[in-house]
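Enquirer:
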Amino acid sequence: MNEIIQNILVFTAIALALTFLVKKFFWKKSKPKKACGGDDGCGCH
299 MNEIIQNILV
309 FTAIALALTF
319 LVKKFFWKKS
329 KPKKACGGDD
339 GCGCH
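Numbers 299 to 343, taken from my numbering, label the letters of the sequence shown in order.
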């Protein structure tokens with residue numbers, strides 16, 4: 299019984315780690331709509 303629980307925990311940890319890596323490195327990030335330097339008049343560029 300303990301082996302089954304250990305396997306479930308290991309596969310869950312691997313799935314969470316892979317999900318984190320995919321989101322961090324491969325997920326396309328949307329650019330913010332109010333980027334500084336545009337025509338929003340923030341005056342920083």
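The beta-carbon is built from N, C-alpha and C at its ideal position, and this holds for glycine as well.
Quick one: Cα of Ile303 to Cα of Ala311, how far?
Expert: Counting from one through the sequence shown, the residue named residue 303 turns up at place 5. Counting from one through the sequence shown, the residue named residue 311 turns up at place 13. Spanning the two alpha carbons is a distance of roughly 12 Å.
Enquirer: Note down the Cα distance separating Met296 from Val308, rounded to an integer number of angstroms.
Expert: Since the displayed the chain opens at 299 and closes at 343, residue 296 lies outside it and no answer follows.
Enquirer: With a threshold of 7 Å on Cβ separation, who are the neighbours of Leu316 within its own chain once the five nearest residues in sequence on each side are excluded?
Expert: For the purposes of this step, residue 316 is identified with residue 18 of the sequence shown, where counting begins at 1. None.
Enquirer: Tell me whether Lys326 sits in a helix, a strand or coil according to DSSP, three-state version.
Expert: Position 28 of the sequence shown holds residue 326. It is coil, neither helix nor strand.
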